[in-house]
Structure formats: C-alpha cells, structure tokens
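Protein sequences appear in the order of chains A and B. Residue numbering for the first sequence follows this note's numbering, starting at 1 and increasing by one per position. Residue numbering for the second sequence follows this note's numbering, starting at 125 and increasing by one per position.
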Amino acid sequence: EVQLVESGGGLVQPGGSLRLSCEASGFTFSDPYMDWVRQAPGKGPEWVGRIRNKAMGYTTEYAASLNGRFTISRDDSQNSVYLHMSSLKTEDTAVYYCAREVRDNSAFYYFANWGQGTLVTVSS
Amino acid sequence: DNQMTQSPSSLSASVGDSVTITCRASQGIRNHLAWFQQKAGKAPKSLIYAVSSLQSGVPSRFSGSGSGTDFTLTINSLQPDDFATYYCQQYDTYPLNFGGGTKVEI
Numbered sequence: 001e002v003q004l005v006e007s008g009g010g011l012v013q014p015g016g017s018l019r020l021s022c023e024a025s026g027f028t029f030s031d032p033y034m035d036w037v038r039q040a041p042g043k044g045p046e047w048v049g050r051i052r053n054k055a056m057g058y059t060t061e062y063a064a065s066l067n068g069r070f071t072i073s074r075d076d077s078q079n080s081v082y083l084h085m086s087s088l089k090t091e092d093t094a095v096y097y098c099a100r101e102v103r104d105n106s107a108f109y110y111f112a113n114w115g116q117g118t119l120v121t122v123s124s
Numbered sequence: 125d126n127q128m129t130q131s132p133s134s135l136s137a138s139v140g141d142s143v144t145i146t147c148r149a150s151q152g153i154r155n156h157l158a159w160f161q162q163k164a165g166k167a168p169k170s171l172i173y174a175v176s177s178l179q180s181g182v183p184s185r186f187s188g189s190g191s192g193t194d195f196t197l198t199i200n201s202l203q204p205d206d207f208a209t210y211y212c213q214q215y216d217t218y219p220l221n222f223g224g225g226t227k228v229e230i
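In structure tokens, the structure reads:
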C-alpha cells in the first residue's frame, strides 16, 4: 500500500523558514516524480512544485508565484522528499501535501497518491 | 497560465441520482486532465487521469469524458460516500493547476 507521511508543519513567524518532510513507503521511491501541493483554508489545491527522478536529473519546477522562496529536494536512500520554505508570508498558511506522480500512457505525469498533509501557519 | 473553470460550484443531489460536473480549460490540454475527490478535512483522492482512466480501486460509477478544452466528470447512481468536493486538474503545462471545485451536497 502506498503511504506518504508529511511532517514538520507548525507555527512560524512571518519572514521565517521551515522544512517539511514527506516519507514514502509501499512503492519504489526512486521511480516517480514527487510534488508538493498546498491548500489554504477554505480554498482549492494549489500546486507548489515538482522534483523529477534520478533518470531526469532530479530537476525541479516551481509555481512562479513563489518567487524562488521554496526549494524541493529528495533523498532516495531515505525514501523522502523535502520542501524548504523561506521568507514565509501569512499567505503561505495552508495544509501542505506531498504527492506521488506516475506516468500515464502518453508519458505525462499525474498525481496518483497524496499524503495526509501537514499544517503550516504563518503568524506573528 | 492555463485557467481551469469548473461548473457548477455546488450542486444538490439525492442518493441514486446521476450528476455531471464540467471543467473547461482556457487552452487545449490534450488528454492531460485528472479529477480528484476531497472530503472535509481529508487529503484529495485521485479518481481519474488522462480524461477517462479510472484510478485503481475507484468505482465504475465514476466516469470522465471530453477532449481539448471541455471535460466532464459523471457520477452515476450517487452513493452516500460520494458527497464531497470534486476538483479537475490539468497536467499538460506549467503551472499545474486545479479548477475551483464543485461541492456535491445532499
């Protein structure tokens, strides 16, 4: 069974930093792309970014609206993906989900599994 | 950015009804369209990918169709477990983005 377990959320002051972790099990972690998606209270999901697999050089993509404040990394030996967040703003308050992406028949990647999420609250 | 517009934003239905949710992309997305179900306080759950392919374990009363810019999610014979919010999402171009959601209420 695929499991994704996020951790690291909490209360942080504006301008602060935080690192979220997502530990995976139940599949070969090195294969899929991994993403972070967030959801502000009462809003729909918002894609944060993606990290590709080793075969694709661990390259990353991010939502432009983040203006370079967030960085995604992964450690295949630990079956984990990370989200490093800096210069946090109150509008970054959200539940942060990690998601596993797999290939469809056209070789594009879609979200197949989601973690349970971890809440990040940015407030003074 | 490719904007995803869902309609309606909410609907009321009864157990046994069939419901259809529409999702429109502002630009063509080929068949790179997914649907998710989300219940209050829970993570989204993948239902459909590539417009019409059911994710493993998803009941066959869920179906998807469409092409280009216009897509639909249909739920036949609505069950109590189906009352939730549904989101479409395009994965054709960056940024990957979601529709605004459709809340299916009793």
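By construction, the Cβ of each residue, glycine as well, lies at the ideal position given by its N, Cα and C atoms.
From residue i to residue j, what does the alpha carbon distance come to, in whole angstroms?
| i | j | result |
| --- | --- | --- |
| B:S134 | B:S201 | 18 Å |
| B:Q213 | A:G16 | 31 Å |
| A:D92 | A:V120 | 8 Å |
| B:V175 | A:S73 | 30 Å |
| A:A30 | A:N79 | In the sequence as displayed, the identity of residue 30 of chain A is Ser instead of Ala. A:S30 and A:N79: Cα-Cα distance of roughly 8 Å. |
| B:A137 | B:K227 | 11 Å |
| A:Y58 | B:N221 | 22 Å |
| A:N53 | B:V139 | 43 Å |
| B:A149 | B:T196 | 11 Å |
| A:A40 | B:N155 | 28 Å |
| A:V102 | B:Y173 | 10 Å |
| A:W47 | A:W36 | 7 Å |
| B:K169 | B:I230 | 20 Å |
| A:P45 | A:Q116 | 13 Å |
| A:G42 | B:T209 | 12 Å |
By the criterion of Cβ-Cβ separation under 7 Å, what are the contact partners of residue i in chain B?
| i | result |
| --- | --- |
| A:G115 | A167 |
| A:Y96 | Residues of chain B passing the Cβ test: none, with the nearest at roughly 11 Å. |
Starting from residue i, trace the beta strand (DSSP E) both ways and give me its first and last residue.
| i | result |
| --- | --- |
| A:A94 | 94-103 |
| A:M130 | With chain A represented from 1 up to 124, any question about residue 130 of chain A goes unanswered, as that position is not in the structure. |
| B:H156 | Looking at the DSSP string, B:H156 is not in any beta strand (DSSP E), and its letter there is neither H nor E. |
Which word fits residue i, buried or exposed, when buried means at least 16 other C-beta atoms lie within 10 angstroms of its C-beta?
| i | result |
| --- | --- |
| A:N105 | exposed |
| B:M128 | buried |
| A:M56 | exposed |
Where DSSP assigns a beta bridge to residue i, which residues make up the other side?
| i | result |
| --- | --- |
| B:Y218 | The partner list for B:Y218 (beta bridge, DSSP) is empty, contrary to what the question assumes. |
Mind listing the chain A neighbours of residue i? Cutoff is C-beta to C-beta under 7 Å, in chain order.
| i | result |
| --- | --- |
| B:Y215 | F108, Y109, Y110 |
| B:Q127 | None at all; the shortest Cβ gap to chain A is about 12 Å. |
| B:Y218 | E61 |
| B:A164 | By Cβ distance, chain A contributes nothing, its closest Cβ being about 11 Å from B:A164, past 7 Å. |
Since residue i meets chain B, which of its residues come closer than 8 Å, beta carbon to beta carbon?
| i | result |
| --- | --- |
| A:A40 | Result: empty, since nearest Cβ-Cβ is about 12 Å, beyond 8 Å. |
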